[in-house]
Structures are given as structure tokens and as C-alpha cells.
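Structure first, commentary second.
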DNA sequence: CCTACCGATCGGTAGG
DNA sequence: CCTACCGATCGGTAGG
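Residue numbers (our numbering), protein chains in the order written: chain A, 21 to 247; chain B, 21 to 247.
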């Protein structure tokens, strides 16, 4: 700009007149710092997923969280750290859900039943409610720096570790064919790619759309040999 | 900027002294417009794949093609049109390769052999030499406008159309299980996701890395039932 | 295709 | 967390 726009960040006139210290008062709960941080995180996750990291400005995120443009930087050092936080929160939540899903299985659950639980939970994490975080992790890897990538990779490895014994058992049992390392990557590919095309069965349903149970069933049919 | 940088686009001093009309003369072949356009396209594909669309500036692309910053706009109306051109060129080439691969099959090739040819060709298109175009198409969809998306979708549908009868035949034959529409999407997911992790067997091979034949073999093992 | 720019937007910050 | 702002970069263009 040749001369910085003088009304760049002026608040609405209604707010500036009786000098209400910037913003309407929030309740104690809303003003809690951790809470506001969480709102920034949620807004960032949603925008990063919808438009991508680079196409989401920190101003967009601030606005979506009901803040002024500079305020996200009170909670996060920079935009990249916000991205890393979205990914970390996504993985933390995903690992927790996965542990819960596995713990809910009956004692002597078969490898097949275990895989069904893992796949179903994975679809929930990718496509269910509050599912913006993990897709961001899957599709915005490149924006992390080396240190951040290491930290997130550790979480991702922890998440995937639960799959290894299940896939190994199925392979040993003849229900899953092919080099297990490559098979695991391809299975995750088939599952993760749903983010690109899946649309939940909403109100405007011309044809019947697939549910997450449908996806799970189809995936198991596709991958596993014996019934 | 408060005052536009005055040396913003100055050429190197060596070029400015005896006034050689900006640039060293190119040979007739290099000066051909279609050729230069192709160089822009190739540079854009490579950068869009490596860094993503938004993270690749038109200046980066110009520089990679040996041009000044404004020159890509002589060949393409804007950056988005350049992206669409990358995708179109990718699909044009992919469809041509696929037709060639199918035509090379023996007369009575089985559905299994046909699938192997399709999968192997798909890996070539995704991961082989000159494979920047299709990954860009897969991962930069969101940057297209509605009209561009329609045009590219038509090409993508044409490419995928060749798979449908093969998958249908395998399903009818009991070699492929699950709802064919969902199965097709999951198969493409498993294949397309390789872009995220596959690294070709290069010089620095600690362990032996998978070849495209390995990937093809594993994919068929994973998806198909009977031997 | 280069030169020489422009207007807009963006990430980020000092100070309160 | 808001105010008011900065420096940098970016897509794009007129004219040659």
C-alpha cells in the first residue's frame, strides 16, 4: 500500500461510542483463556480443512472465532504453530477414541472384529462430527517444519501401532494377503481417501448415501479374504 | 511497501549494459511460443506438486522456466488457468497412456490381467517420470472454479470409465467383493495415496525399496480374492 | 516476452 | 485480547 489504510482495523461505530472497552462483556466461562484458545483452534481446524492452510488467513480464523485480527497471536506464536496445534489435538483425540473403541471390544475378540473396530473408529475420526482435525493433518503435512513433523509423526506412529498386530494376525491367518508394510499403507490410503469424496447421508438425499457402517463393511469385504 | 522498491525487477547488470534487448538470443526452436508455454507448464506442475498451488508464486514458476516475473501471463490468463492447464495436460497424457497400455494386452486378456495393466499404468502416471501433473490434479481440486472443475471432471470420468467393466467383471466372478461403486473409490484411494509416501528405489538404498511392480503386485493381492 | 509498476492482502508486532 | 500499524510478497497489467 502507498499509504496505510487509516480505517484498517476500526471497530464498528456502535462499539466505539460509549467506550465499552472494545467488546461486549463475556461471561466468566467465555472469557477463560483456555476456552478462547480452543475456539481459535476449532475455527482454524474448520477453515484449514475447508480451504486449506495457505488459503485461510489468520484474519479469517480470528473472525470465525469472534476476535480481532491480531488476537490469534495471543494464543499461538504464529500461524504454523497453530497448524501444528490443530494436528496435535487431532491426534490426541484420535488416539483416545481408538483406545476407547478397542477397550469396548469383548475379551476374546477376533482379529477381524478388532480390525472392524479400528476401521469404524477411523471413519468416525475422519468423517464424523468434529472431524476437521485429522483431515488437516493428512493433507497439510508440507506446511510443518522439521521439528513439528517429528512431533506429529510420533503421535501418528502411536496411532498406527495399534493396527500392526491386528493386520499381522490377519495376515498369518490367511485373511489378508500381501507384504504387510505395503498393505498397511494401502489400507490407510483407501480409508484416508474417503475424505476426498465422502458425503454423509444428509437431508437432501436423492439416492441413499453410504453411512460410516456401510463404508466399514465395504472396506472389510474388499480387504479380507475369508468370510 | 511505503515506497515501491525501485530495483524491483532490474535485470543483472551484465545484461543491461550493451542493451541486448533484455535477454541472450534464443535459438529458433527455443523461441517457439508453444515450446515456451510448455516450459511454463512443466515448471508449474513441478512446483505445484512439490510445494502446493498457493505456496508456489508465479514468480517462482517464471524463474524456474527462465523467464521474468510477468511472462507466464503471456501464456496463461492467470494463475488459476495455469493450474487448470496442468491438470488437463495431466489427464490428457494419462488417458493416452492408459489406452496404450490396454491396447498392448493380448486379445483374450482376463479381467485380472486387465486390472493389473490398469493399476500398473496408474502407478506409472502417479509415480513414474514426468508424474507431476496428476498428483497436482488429485491434491489441488479446491483451487479450481466451478467451470474448470466440470471440464476436469469430464476427463477424470473418461479415465475411470475404463476401470468400470473390469471391476464389474471381477465382482461378477467373485474375485472382488463389496459394493462396486464404493469399492472403486476405495481402490483409487489406496492407489492415489501412494503419492503421499512412495519413494522410488534411488541410489541411497539402505533397505530395498518397493518398485512400481511391487506396488502393483501388492495391490492385486490385497484386493482380489482367488489366485 | 521484458520493464516497471500497482493495489491488495497477509503474517505478525508494540503497546496498552 | 484490541488498536493501529509495518514490511513483504503476491497476482496481475500497460506498454513496448
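All residues carry an ideal CB built from backbone N, CA and C; glycine is no exception.
Cut-off 7 Å between Cβ atoms - residues of its own chain near residue i, not counting five sequence neighbours on either side
i: residue 186 of chain A; result: 131, 134, 135, 138
i: residue 217 of chain A; result: none
i: residue 97 of chain B; result: none
i: residue 231 of chain B; result: 221
Spatially closest choice to residue i from the options, by CA coordinates
i: residue 160 of chain B; options: B:84, B:182, B:102, B:93; result: B:102
i: residue 207 of chain B; options: B:184, B:218, B:222, B:221; result: B:184
i: residue 194 of chain A; options: A:244, A:145, A:202, A:80; result: A:244
i: residue 84 of chain B; options: B:232, B:57, B:174, B:173; result: B:57
i: residue 180 of chain B; options: B:119, B:191, B:125, B:99; result: B:119
i: residue 237 of chain A; options: B:199, B:125, B:77, B:110; result: B:199
i: residue 89 of chain A; options: A:163, A:79, A:110, A:191; result: A:79
i: residue 168 of chain B; options: B:104, B:77, B:92, B:68; result: B:104
i: residue 109 of chain A; options: A:162, A:145, A:233; result: A:145
i: residue 63 of chain A; options: A:152, A:166, A:246; result: A:152
i: residue 142 of chain A; options: A:166, A:114, A:218, A:227; result: A:114
i: residue 99 of chain A; options: A:82, A:112, A:111; result: A:82
i: residue 70 of chain B; options: A:162, A:201, A:217; result: A:162
i: residue 154 of chain B; options: B:241, B:72, B:242, B:55; result: B:72
i: residue 242 of chain B; options: A:201, A:234, A:217, A:127; result: A:201
i: residue 178 of chain A; options: A:116, A:127, A:222, A:216; result: A:116
i: residue 233 of chain A; options: A:140, A:221, A:165, A:217; result: A:140
i: residue 149 of chain B; options: B:55, B:192, B:65; result: B:65
i: residue 55 of chain A; options: A:92, A:231, A:76; result: A:92
Cβ separation of residue i and residue j, assumed to be a contact under 8 Å, to the nearest whole Å
i: residue 203 of chain A; j: residue 156 of chain A; result: Contact doesn't hold; Cβ gap of about 26 Å is too wide.
i: residue 209 of chain B; j: residue 209 of chain A; result: 5 Å
i: residue 158 of chain A; j: residue 214 of chain A; result: Residue 158 of chain A to residue 214 of chain A, Cβ: 11 Å. No contact.
i: residue 239 of chain A; j: residue 205 of chain A; result: Actually they are not in contact, since the Cβ atoms of residue 239 of chain A and residue 205 of chain A sit about 15 Å apart, beyond 8 Å.
i: residue 182 of chain B; j: residue 122 of chain B; result: 7 Å
i: residue 227 of chain A; j: residue 219 of chain A; result: Actually they are not in contact, since the Cβ atoms of residue 227 of chain A and residue 219 of chain A sit about 11 Å apart, beyond 8 Å.
i: residue 175 of chain B; j: residue 111 of chain B; result: 4 Å
Same chain only: Cβ atoms within 6 Å of residue i, ignoring 5 sequence neighbours per side
i: residue 171 of chain B; result: none
i: residue 95 of chain B; result: 57, 60
i: residue 246 of chain A; result: 195
i: residue 76 of chain B; result: 67, 68
i: residue 235 of chain B; result: 143
i: residue 192 of chain A; result: none
Residues of its chain near residue i, where Cβ-Cβ distance is below 8 Å and the 5 sequence neighbours each way are ignored
i: residue 282 of chain A; result: Within the shown structure, residues of chain A are numbered from 21 to 247, placing residue 282 of chain A beyond reach of any answer.
i: residue 165 of chain A; result: 100
i: residue 222 of chain B; result: 229
i: residue 188 of chain A; result: 200
i: residue 74 of chain A; result: 163
i: residue 129 of chain A; result: 137
i: residue 127 of chain A; result: none
If you scan the stretch 113-175 of chain B from start to end, which runs of the alpha helix (DSSP H) of 4 or more residues do you find wholly inside it?
131-147, 153-159
Where the stretch 183-211 of chain A meets chain B: residues whose CB sits under 8 Å from a CB there
196, 197, 198, 199, 202, 203, 205, 206, 207, 208, 209, 210, 211
My parser needs the alpha helix (DSSP H) runs of 4 or more residues fully inside the stretch 51-88 of chain B; what are they?
53-71, 78-84
If contact means a Cβ-Cβ distance below 8 Å, which residues of the stretch 215-242 of chain A contact chain B?
216, 217, 230, 234, 235, 237, 238, 239, 241, 242
To be precise: take each residue of the stretch 145-161 of chain A, compare its Cβ to all Cβ atoms of chain B, and keep it if any distance is under 7 Å. Which residues remain?
none
Anything in the stretch 57-81 of chain A with a Cβ closer than 9 Å to a Cβ of chain B? List those residues in chain order, please.
Against chain B - using a Cβ distance shorter than 9 Å - the residues of the stretch 57-81 of chain A are 70, 71, 72, 73, 74, 75.
Below 9 Å between beta carbons is the criterion; list the residues of the stretch 97-109 of chain B that meet it against any residue of chain A, in chain order.
none
Closer than 8 Å between beta carbons: that is the criterion. Which residues of the stretch 164-179 of chain B meet it against chain A?
none
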